[in-house]
Each structure stands twice: as structure tokens, then as C-alpha cells.
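Asks: Residue numbers in the sequence shown follow this note's numbering, run continuously in steps of one, and reach 617 at the last position.
Just so it is clear, CB atoms sit at the ideal spot from N, CA and C, and this is done for glycine as well.
All figures in this text were calculated on a predicted structure; none of them were measured in a lab.
So that we are looking at the same thing, I have put the structure below in C-alpha cells.
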Amino acid sequence: MSPTADYDAVVIGAGFAGLYMVYRLREDGFRVLGVEAGDGVGGTWYWNRYPGARCDSESMYYSFSFLPELEQEWPLEERYPTQPVILRYLRTVAQRLGLPKHFVFGARADSVRWNDEAGWWTVRAGDRLAVTARYVITATGALSASNRPQFAGASLFEGEQYSTASWPDGPVPLASKRAGLIGTGSSGVQVLPELARQAQSVTVFQRTAQFVTPARQERLDPRLVALWKANYQEIRRRTKWTAGGIPIPSPIRSAAELSAAERTALCEEAWRRGGIWFLDGTFSDAVTSLEANAVVAGFVRAKIGEIVTDPDTAEKLKPWTHAWGTKRVPVGSDYYETYNRPNVSLVDLRQDPIEEITPRGIRTRSGEHPLDVIVYATGFDALTGSIERLNVEGRDGERLEDAWAGGPRTYLGLMVPGFPNLFTITGPGSPGVVTNVPVAIEQHVEWIAGLLGYAREHGHKTAEAEPGAADEWTAHVQDVASATLYPTADSWYMGANIPGKPRVFLPYIGGLDVYRRRCDEIAAAGYPGIGMGTPAGTLGAPAAAEAGHGAG
Ligand SMILES: Cc1cc2nc3c(=O)[nH]c(=O)nc-3n(C[C@H](O)[C@H](O)[C@H](O)COP(=O)(O)OP(=O)(O)OC[C@H]3O[C@@H](n4cnc5c(N)ncnc54)[C@H](O)[C@@H]3O)c2cc1C
């Protein structure tokens, strides 16, 4: 019988967040166990292996900032890193830091239960794992719980079905096959040009037309890379204090301050540069003013009309259902151009909805589309999905799912009242998913590690968000969003892609810099808003017996 929990902390997930969290806690002298559903590290980049998968953050910024030697060695070859490159990077990080030995792989945590008597959590993963830990930290990914709509007849389809979010590791032969692609969010936009190159034909089933920004992928000039590397740490320092985790200048002028010719010239220049330069580079009020937004939206629609040669297809591709930027803007390479290929066709599901999947293809209202392969690029149950799927039960057996039935309630996106010693990296109410995510992850991990160190130093066994603090933060997250056009869209930011999910704005869009300052102030003030204490029966409960058996 053990008087203490098996581990000080269990970290669930082995992507950027889980790797760094395990590393930090180990370095700080905590006994830590990582639990990962996949067979290896990488998270997003382990699962999303579809052709064309890549990051929209530029190579230079999409990495850890705390490994100065590796950042000098690591080759930066293309403007945007591809999935294989990022997976290789994360494997390299894990190996160098000796992290894999701290993880149990192939273990999907499916029960996380608080024991108030003992003051620890029991984490289970089917019959693979049952351990106790003082702290549980979810590093399960804001975009990792994949969403696959249930179409009638899907199980009867006689061809192959793939999801971009769990693409097979190995070749998927597509030549001479008729492919159907469902979904035109970021993953659909990336995979389409590759499918079109490889398959005999592709039929795209589009529910929502998107404002796709050109990526402008290119080889990086080695002289530029050398310059970056010479200044890397200074650039990283500045990056931490940006709103979005990328150090590009924010636009200072509103659309109203500019003439029509100046607006067009500015949009043209941002479009030419592509990626983040268009997303964050037009007007200061692009997502707060309807007038400014209409300028950007009109500009993109005009581009679609210029690029896509078939007028009917171009019209279907023009978005009218939401304001520009209020759904995550996909960044694509040759996305609109791909519709000019003779082997690509588009079905607008708003006019011609899917009725069922048949053994031979997809039947929409207008008829059957014969297919050999169906690719689902249907997104994620964002921010809350991967946490709720853990089946977390907190104090008094309260289920997290129930606690969040009306929408997630968190303190700083990191802690939940009623769920002591639970931390949620990039959880709802965190800015993570609207930033260059590794920068936000580092902030979260360092703040959590700081709090755990503080609690240890002061002899506190529990740390729990106070209800008032969580209510105040949760309201603040909504207030900040309400000052923008974001909540007007049926987006995954609003939970609108998941039937029955409460309609609240999920991420914090007040800026990573503002958020970081707030978190720093809270830490410096001794963590107001967080109750710390010692639960009644901290010592004495039989951890191993209760949990059944240990790791591995
Ligand atoms: C296609 C795609 C493109 C993206 N592009 C960008 C981009 O351009 N820029 C950017 O900043 N971000 C991008 N993101 C977001 C990306 O998720 C983050 O940048 C980053 O990888 C998140 O790391 P993470 O460790 O928080 O989560 P993840 O990488 O999602 O890792 C979470 C891990 O937790 C594991 N897990 C989940 N539930 C359980 C469970 N119950 N038990 C055990 N293990 C579990 C998962 O298997 C996964 O390995 C993209 C995401 C996707 C899906």
C-alpha cells in the first residue's frame, strides 16, 4: 500500500504540449507519467498525415523556443513546414530530451476521476493503464477530437473511406480512383489539390464556401535563414509578446481611413505575400467593422472570380454565409486553381444536400455520384471535445461534461472549479488555438509548472479555481469576442459544427500578450482566484489497490 499517489502528475497527450509539460515537470523534480493514445509522439502531426498536410505558421516560428542548440541545427527549408517535417522535429525533440521513456503509448485515457479523500486523481485507459496522480494535465489538443458526421448508409459503402484526421501511415493508392471529398475547411483545402493530382477524379462536397488565402509556399533563401538564426533568441523573445505568436506588424489603419484605391492596393500586396500577411495584414478593423470586413470579403470574392474559369463553379465557391475571418481562414496552395482541372467538380450542399451514402457513392438530392474513395475532412469537436472525451469526474462525482453543459467555464482556460489539480492546456478560454499554437503552449506549460512549484513550496496539496474567478474569466472571454464579428458565424470557434454543442465562443481572442500579462500578474500576486489547501485525508488511501494496476 502506498501512502502517496503513483505519480505527482499524469500528462495526457504527446504533442507539443504533452512533450513540453512532461519535460518541464521532470526537470522540476516531479514524478511524471505521460499517456498517449497514439503509438508515438507528434500529436496533430502524428495523426493528420493526409497528402498536402502542412502548417500555416511559418517554419521559423513553428517550433519550441527553449532549445537553442536544436534551433540552430534544424534545417529550415520551406516557408511552411510539412507534416513529415514537423513529425520529424517532434520525434527529434522527444529523443534528445529523453522523453519517450516517460510515456505509455497506445493508451487512450477514458476515465479521470478525483478522489477527494486521498487528494488525487485516478486515470484509466481501458485495460491498458490505471494510475493515481496528484495532478492531471490535459495536453489532449484543441483540434484533436475528430468529428465525423453520421451519414445514412456510410457503413454500406463498398469503397474505401478515410478521414484526414487519422490518415493511414503509408501510401493510399488513388490513381484511377474516383474520389469524393466531404468538407472544405483547412484540411479539405490542403488535401484537395493533392487528391486532384493523384486520383482519376475528385468530387468536392461543399457545405460552406470559404475565404481561402494563398499560402505562397516557397523554398527559403538560405541567407534569410542564416539571418534569422543569428537573431533567433531575440526574435523568440519578441514573439512571446505578440497577440498571435508571430512577430509581424499589426495593421494600424482602419479601412475607413483609406481611399478605395489605397484599400485595393493594400489588399493586393497582402494577397501577394500570402498566409499570415493577408490574415493579419489588411485593416486594423477587418474583424470588428462590417464595412472593413466587406472590403476584404469583396476582394477575396473578386479573386475567386478571376481565378476560377467556370462562372458557375466560381459562384458556388464565393462565400456569402459569414463575414471574412470569422471562421478559421484556410491557407491553401492552388486551392481555387484546382477547380479549373477537368477532373474536379463541385457540389454545393446548400443547394444539393447529401441524402445518403450508397454502396457505390454519395447520393445528393440531384442524384448519385459514383465513387471509389470517400475522404472526410470534417473537422474537430474543437477545444472541449478531447477533454470531455476523457470522462472526467471531479469533486463529488461531478462530470465535467455536466459542468460544461451550458458552455465551458474555466479560469484562464486552464482550470475548472470543482475539478481540483486539473489543468487544461489550450482549453476553452485559452488563446491557444487563435495563435501560433506552440507559443501559447509554452506559456501555459510554464505557468502550470510555476503553480505546481509554488504549491509544493508552500505545502499545498490542492489547487482549484474559485467559482467567482472562473465566472469572471468566462464572461470576459465572451465580452472580448462580442466586440468583434466572430460570434456572428456558425464556426467551430462557436461550437456550431457539432450538433447539440452549446453556442458560446470558445477561445480567448484578447491576444496572447494581454493574456500572458494577466497570467504573470496572477502568479506574482500568489495566485488570486485559485484556492489552495490540503484535502481531508491526504495520506493513507491505498493508491495502487484502488487503481487496480500500474502503468504499462
Ligand atoms: C491539420 C491541422 C493543421 C494545423 N495547423 C496549424 C498551424 O498552421 N499553426 C498552428 O499554430 N497550429 C496549427 N494546428 C493546431 C495544432 O494542433 C497545434 O499547433 C499543436 O500541434 C497542438 O499541440 P498539442 O500538443 O496541444 O495537441 P495535439 O498535437 O493535438 O496532441 C494531442 C495529443 O493528445 C492525444 N490524446 C487526446 N486524447 C487522448 C486520450 N484520451 N488519451 C490519450 N491521448 C490522448 C492525441 O492522440 C494527441 O497525440 C493545426 C492543427 C491541425 C489538425
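Ordered along the chain, which non-local residues of its own chain (more than five positions away) have a Cβ less than 6 Å from that of residue 147?
Replies: Excluding sequence neighbours, residue 147 sits near 119.
Asks: Are there 16 or more other CB atoms within 10 angstroms of the CB of residue 377, so buried, or fewer, so exposed?
Replies: Flag for residue 377 reads exposed.
Asks: Helix, strand or coil for residue 127, going by three-state DSSP, please let me know.
Replies: Coil at residue 127, not helix or strand.
Asks: Taking Cβ positions, are residue 490 and residue 86 nearer each other than 8 Å?
Replies: Against a cut-off of 8 Å, the Cβ pair of residue 86 and residue 490 comes out as a contact.
Asks: To the nearest angstrom, report how far apart residue 312 and residue 292 are at their CA atoms.
Replies: Rounded to the nearest angstrom, the two C-alpha atoms are 15 Å apart.
Asks: What do you reckon, is the C-beta of residue 81 under 7 Å from a heavy atom of ligand 1?
Replies: It does: the Cβ of residue 81 is within 7 Å (strictly closer) of some heavy atom of ligand 1.
Asks: Quick check on residue 113: buried or exposed, where buried means 16 or more other Cβ atoms within 10 Å of its Cβ?
Replies: So residue 113 counts as buried.
Asks: Where residue 211 and residue 537 are concerned, what is the direct C-alpha to C-alpha distance, given to the nearest angstrom?
Replies: Taking the straight line joining both Cα atoms gives about 30 Å.
Asks: Return the chain-ordered ranges of every alpha helix (DSSP H) run that is complete within the stretch 444 to 470 and spans a minimum of 4 residues.
Replies: For the stretch 444 to 470, whole alpha helix (DSSP H) runs of length 4 or above, ordered along the chain, are 450 to 453 and 465 to 468.
Asks: Restricting to Cα atoms, I'd like to know which of 321, 326 and 77 is closest to residue 348.
Replies: With distances taken between Cα atoms, residue 348 lies closest to 321.
Asks: Do you know offhand how far residue 164's Cα is from residue 116's?
Replies: So the two alpha carbons sit approximately 28 Å from each other.
Asks: I believe residue 575 touches residue 545 by the beta-carbon criterion, under 8 Å. Please report the beta-carbon distance rounded to the nearest angstrom.
Replies: At roughly 4 Å, the Cβ-Cβ gap stays under 8 Å, so residue 575 and residue 545 are in contact.
Asks: Let me know the secondary structure DSSP gives residue 545 once reduced to three states.
Replies: In the structure shown, residue 545 sits in a helix (DSSP, three-state: H, G or I).
Asks: What are the partner residues of residue 413, as DSSP defines its beta bridges?
Replies: In DSSP, residue 413 forms a bridge with 271.
Asks: At what residues does the alpha helix (DSSP H) containing residue 227 begin and finish?
Replies: No alpha helix (DSSP H) holds residue 227; the beta strand (DSSP E) holding it covers 225 to 228.
Asks: Heavy atom of ligand 1 less than 7 Å from the Cβ of residue 503, yes or no?
Replies: Under cutoff, so the answer is yes.
Asks: Quick one: residues in its chain with C-beta nearer than 7 Å to the C-beta of residue 552, no 5 flanking neighbours on either side, listed in chain order?
Replies: Around residue 552: 546, 559 and 570.
Asks: Of all the alpha helix (DSSP H) runs that stay within the bounds of the stretch 134 to 184, which reach a length of 4 or more residues?
Replies: DSSP runs (the alpha helix (DSSP H)) wholly in the stretch 134 to 184: 148 to 161.
Asks: So, helix, strand or coil for residue 186, using DSSP?
Replies: In the structure shown, residue 186 sits in a strand (DSSP, three-state: E or B).
Asks: Indicate, with yes or no, if ligand 1 has a heavy atom lying under 7 Å from the CB of residue 209.
Replies: Residue 209: yes, Cβ under 7 Å from ligand 1.
Asks: Measuring CA to CA, which of 283, 493 and 465 is closest to residue 141?
Replies: If we check each option's Cα against that of residue 141, 283 comes out closest.
Asks: For residue 110, count neighbouring C-beta atoms within 10 Å of its own C-beta (all shown protein chains included) and say buried if the count is 16 or more, exposed if not.
Replies: Label assigned to residue 110: buried.
Asks: Can you tell me whether residue 101 sits near ligand 1, meaning its C-beta is under 7 Å from at least one heavy atom of the ligand?
Replies: Flag set: Cβ of residue 101 near ligand 1.
Asks: Quick one: what does DSSP say residue 211 is sitting in, helix, strand or coil?
Replies: Residue 211 falls in the strand class under three-state DSSP.
Asks: For residue 583, which residues in the same chain have their Cβ closer than 8 Å to its Cβ, ignoring the five residues on either side in sequence?
Replies: Around residue 583: 477.
Asks: Just the Cα atoms here: how many angstroms apart are residue 298 and residue 286?
Replies: Approximately 20 Å between the Cα atoms of the pair.
Asks: Under the three-state reduction of DSSP, which class applies to residue 315: helix, strand or coil?
Replies: Residue 315 falls in the coil class under three-state DSSP.
Asks: Hey, quick one: how far does the alpha helix (DSSP H) through residue 499 stretch, first residue to last?
Replies: That residue, residue 499, is in no alpha helix (DSSP H); it is neither H nor E in DSSP.
Asks: With the cut-off set at 8 Å, would you say residue 577 and residue 505 are in Cβ contact?
Replies: Against a cut-off of 8 Å, the Cβ pair of residue 505 and residue 577 comes out as a contact.
Asks: Where do the ends of the beta strand (DSSP E) carrying residue 356 lie?
Replies: Looking at the DSSP string, residue 356 is not in any beta strand (DSSP E); the run it does join, the alpha helix (DSSP H), is 355 to 372.
Asks: So the beta strand (DSSP E) residue 304 belongs to, where does it begin and stop?
Replies: Unbroken run through residue 304 is the alpha helix (DSSP H), 297 to 305; no beta strand (DSSP E).
Asks: First and last residue of the beta strand (DSSP E) that includes residue 435?
Replies: Counting along the chain, the beta strand (DSSP E) containing residue 435 begins and ends at 432 to 435.
Asks: Which one of 430, 438 and 412 has the shortest CA to CA distance from residue 424?
Replies: Answer by Cα proximity: 438.
Asks: Which same chain residues, not among the five before or five after residue 366, have their C-beta less than 6 Å away from its C-beta?
Replies: Within the same chain, residue 366 has close Cβ partners 383.
Asks: Look up residue 597 in the DSSP assignment and give the residues it is bridged to.
Replies: The partner list for residue 597 (beta bridge, DSSP) reads 528.
Asks: Check whether the stretch 238 to 253 and the stretch 429 to 438 touch, using three or more Cβ-Cβ pairs below 8 Å as the test.
Replies: As far as the Cβ criterion goes, the stretch 238 to 253 touches the stretch 429 to 438, which means the pair count is three or higher.
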